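Trainee:
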Amino acid sequence: RTALPRTATRAFSASARANAETLVFLETKGDSLVPSAANAITAAKKVGGKVTGLIIGKDEASVKPAVDRAKKMGLDALLVRTSPALEHALAEPTAPVFAELVKKGGYTHFAAGHSALGKNLFPRVAGLLEVQQISDVMSIQDENTFTRPVYAGNAISTVKSTDSIKLFTVRASTWEPAQEGDKEAEVDVKEAENVGPAQAEWVSEELVKSERPDLATAPTVVSGGRGVKSKEAFDETIIPLADALGAAIGASRAAVDSGYADNSLQVGQTGKVIAPNLYVAVGISGAIQHLAGMKDSKTIVAINKDADAPIFQVADVGLVADLFEAVPELVKKVEEA
Ligand code: FAD
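Letter by letter, the sequence shown follows residues 7 to 343 in UniProt numbering.
#1: Taking 5 Å as the limit, tell me which residues put their C-beta closer than that to any heavy atom of ligand 1, in chain order.
#2: Check E341 in the structure and name its three-state DSSP category.
#3: Check each candidate in A250, G124, F174 and R154 and name the one with the smallest Cα separation from Q139.
#4: Starting from H115 and walking both ways along the beta strand (DSSP E), at which residues does that stretch end?
#5: Could you tell me whether the segment 158–170 touches the segment 50–64, where touching means 3 or more Cβ pairs closer than 8 Å?
#6: Please report the straight-line C-alpha distance between I245 and G233, rounded to a whole angstrom.
#7: Quick check: A44 and A184, are their CB atoms within less than 7 Å of each other?
#8: Beta-carbon within less than 6 Å of G159's beta-carbon, same chain only, minus the 5 sequence neighbours each way: which residues are those?
#9: DSSP three-state label for A313, please.
#10: Write down the C-beta distance between I309 and L325 rounded to the nearest angstrom, noting that I regard them as a contact closer than 8 Å.
#11: From the DSSP output, read off the bridge partner residues of A177.
#12: Given a threshold of 16 other Cβ atoms within 10 Å of its Cβ, counted over all protein chains shown, does G202 qualify as buried or as exposed?
#13: Expressed to the nearest angstrom, what Euclidean distance is found between the alpha-carbon atoms of A83 and V108?
#14: Can you grab the Cα-Cα spacing for the pair E211 / I280, in whole Å?
#15: Between L221 and Q275, what straight-line distance do the alpha-carbon atoms span, to the nearest angstrom?
#16: Does the separation of the CB atoms of Y285 and V340 fall below 7 Å?
#17: Extract the residue ranges of the alpha helix (DSSP H) inside the segment 185–266, only unbroken runs of 4 or more that lie entirely within it.
#18: So, are the CB atoms of T88 and A26 less than 7 Å apart?
#19: Rounded to whole angstroms, what's the CA-CA distance from G252 to P219? Just pull it up for me.
#20: Report all residues from its chain with a CB closer than 7 Å to the CB of S19; omit the five preceding and five following residues, and keep chain order.
#21: Out of curiosity, what's the CA-to-CA distance linking S170 and N283?
#22: Determine whether the beta carbon atoms of P316 and G292 lie at a separation below 7 Å.
#23: Use the C-beta contact count for R7: other C-beta atoms within 10 angstroms, 16 or more gives buried, fewer gives exposed.
#24: Going by DSSP, what residue range makes up the alpha helix (DSSP H) through T48?
#25: Taking the beta strand (DSSP E) that K166 falls in, what are its first and last residues?
#26: Any idea what DSSP makes of A26, helix, strand or coil?
#27: Comparing C-alpha positions only, which one of E66, K304 and D328 sits nearest to D312?
Structure follows, in structure tokens:
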């Protein structure tokens, strides 16, 4: 194998990066951007080259607040594509719109958050474009090389793609959110082309309404596990501690399956993957499937009566204690502070 001189290799990759053109799908909820859209923009910028945002909606007015925010987030351009069929971003009508935009626009990369919506839409777009999807990207080494977690986050795999278009979803918690600045990207609003057939129908959505910070993005999270023992005890221990710390509430799968907490609060491999500044695990053993959802938290505090519980292996601060004594005491101390 004849290696290129180092300078030539560098020159090649620098020009390849400059030629990269990334389209990034910016998810909306109601008329606003979802928080992970800002993280997806940061990942898209890491590819290098030009970055264009994409927002879809039933019409321009329905996504105006999202567009007003996104255009200030350091994008080179922002596309808005509208159609009544795109109102709920169902995969069947939406995926052909995306595939067409990527092909016609000559984009080299297409990115989105690794959310339920991203996971629903992107495999279909990948199928239409006949490329491989790269899921849950944690870092981008160059325009062809990505890292992503495997084995529930216990190993990190480096993936090199030779596809002409790199289609990837990003793990929001590993990317800092893009911030709004003074510069505004030019916005191109058009009716969507190539809308797919309505094979599925949007029936309804029931959202748990809460004044609490959102679990996915909250800087502090208090989670309860099976050790809390009942729904009543969960409400009497975990909620007051979360209130005192201004935290979001999370739960282990065992706590969710036992009915102590809502399904939407599950943290872990099959729940939410989060990385708050402070994660307080109460009565949680620390099974690998739970760790997969929280081990990247900046500071982990664990309260467990079993000194050998695996959660203590990842905890920065561990308290071996009965939670029914320790948590009320902690709440009192936090409220007094
Ligand atoms: P347990 O393991 O029962 O631990 C309870 C802990 O509470 C114990 O350590 C105990 O010492 C402590 N305790 C008891 N009483 C007290 C007390 N009075 N004071 C202090 N401590 C006390 N789990 C998830 O959490 N999230 C997931 O996304 C997830 N996905 C999964 C996917 C698959 C495919 C599989 C197979 C499993 C998954 N699990 C997931 C389940 C996981 O394996 C564990 O069963 C679960 O995390 C255990 O929850 P827990 O720690 O609350 O319960």
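In this text, a Cβ means the ideal position worked out from N, Cα and C, and glycines have one as well. For clarity, every value in this text was computed on a predicted model and none was experimentally measured.
Mentor: Taking the geometry as given:
#1: By the rule of a C-beta closer than 5 Å to any heavy atom of ligand 1, the residues picked out are G231, R232, G233, S258, R259, A260, G274, Q275, T276, G277, G289, I290, S291, A293, Q295, H296, N310, K311, D312, A315, D328 and L329.
#2: Along the sequence shown, one-based indexing puts residue 341 at 335. In the structure shown, E341 sits in a helix (DSSP, three-state: H, G or I).
#3: In the sequence shown, the residue the question calls residue 139 occupies position 133. Q139 has its Cα closest to that of F174, out of A250, G124, F174 and R154.
#4: Walking along the sequence shown from the start, residue 115 turns up at place 109. For H115, the enclosing beta strand (DSSP E) stretches over residues H115 to G119.
#5: The segment 158–170 is not in contact with the segment 50–64.
#6: Translated into the one-based positions of the sequence shown, residue 245 becomes position 239. Translated into the one-based positions of the sequence shown, residue 233 becomes position 227. Near 15 Å, if we compare the C-alpha coordinates of G233 and I245.
#7: Position 38 of the sequence shown, counted from the start, is the residue given in the question as residue 44. Position 178 of the sequence shown, counted from the start, is the residue given in the question as residue 184. Yes, they are a contact pair.
#8: Taking the sequence shown and counting its residues from 1, one reaches residue 159 at position 153. Same-chain partners within the cutoff: A298.
#9: Position 307 of the sequence shown, counted from the first residue, corresponds to residue 313. Coil at A313, not helix or strand.
#10: As a working mapping, residue 309 is identified with position 303 in the sequence shown. As a working mapping, residue 325 is identified with position 319 in the sequence shown. That pair is a contact at about 5 Å.
#11: Indexing the sequence shown from 1 puts residue 177 at position 171. One detail in the question is off: residue 177 reads as Arg in this sequence, not Ala. R177 pairs with nothing; no bridge assigned.
#12: Along the sequence shown, one-based indexing puts residue 202 at 196. It counts as buried.
#13: As a first step, residue 83 must be located in the sequence shown, where it is residue number 77. As a first step, residue 108 must be located in the sequence shown, where it is residue number 102. If you take the alpha carbons of A83 and V108, they lie about 14 Å apart.
#14: Here residue 211 refers to the residue found at position 205 of the sequence shown. Here residue 280 refers to the residue found at position 274 of the sequence shown. One alpha carbon belongs to E211, the other to I280, and they sit about 24 Å apart.
#15: Translated into the one-based positions of the sequence shown, residue 221 becomes position 215. Translated into the one-based positions of the sequence shown, residue 275 becomes position 269. Whole-angstrom Cα-Cα distance: 15 Å.
#16: Mapped onto the sequence shown, residue 285 falls at position 279. Mapped onto the sequence shown, residue 340 falls at position 334. No, the Cβ-Cβ distance between Y285 and V340 is not below 7 Å.
#17: DSSP runs (the alpha helix (DSSP H)) wholly in the segment 185–266: 237–251 and 259–263.
#18: By one-based count along the sequence shown, residue 88 stands at place 82. By one-based count along the sequence shown, residue 26 stands at place 20. For T88 and A26, no; Cβs fall outside 7 Å.
#19: By 1-based counting over the sequence shown, the position of residue 252 is 246. By 1-based counting over the sequence shown, the position of residue 219 is 213. G252 and P219 have their C-alpha atoms roughly 8 Å apart.
#20: The residue you call residue 19 lines up with position 13 of the sequence shown. Because S19 carries a pLDDT of 48, less than 50, the predicted location of this residue cannot be relied on, and no value is offered for it.
#21: The residue given as residue 170 occupies position 164 in the sequence shown. The residue given as residue 283 occupies position 277 in the sequence shown. For S170 and N283, the distance between alpha carbons rounds to 38 Å.
#22: As a working mapping, residue 316 is identified with position 310 in the sequence shown. As a working mapping, residue 292 is identified with position 286 in the sequence shown. A Cβ-Cβ contact shorter than 7 Å links P316 with G292.
#23: Here residue 7 refers to the residue found at position 1 when the sequence shown is read from its first residue. With a pLDDT of 35 at R7, under the threshold of 50, the predicted position of this residue should be treated as unreliable, though the coordinate-derived value follows. It counts as exposed.
#24: As a working mapping, residue 48 is identified with position 42 in the sequence shown. Secondary structure note for T48: its alpha helix (DSSP H) is the uninterrupted segment P41 to V53.
#25: Taking the sequence shown and counting its residues from 1, the one referred to as residue 166 is at position 160. Where K166 is concerned, the enclosing beta strand (DSSP E) stretches over A161 to K166.
#26: Here residue 26 corresponds to residue number 20 of the sequence shown, with the count starting at 1. For A26, the three-state secondary structure derived from DSSP is coil.
#27: Within the sequence shown, residue 312 is the residue found at index 306, counting from 1. Closest option to D312, Cα to Cα, is D328.
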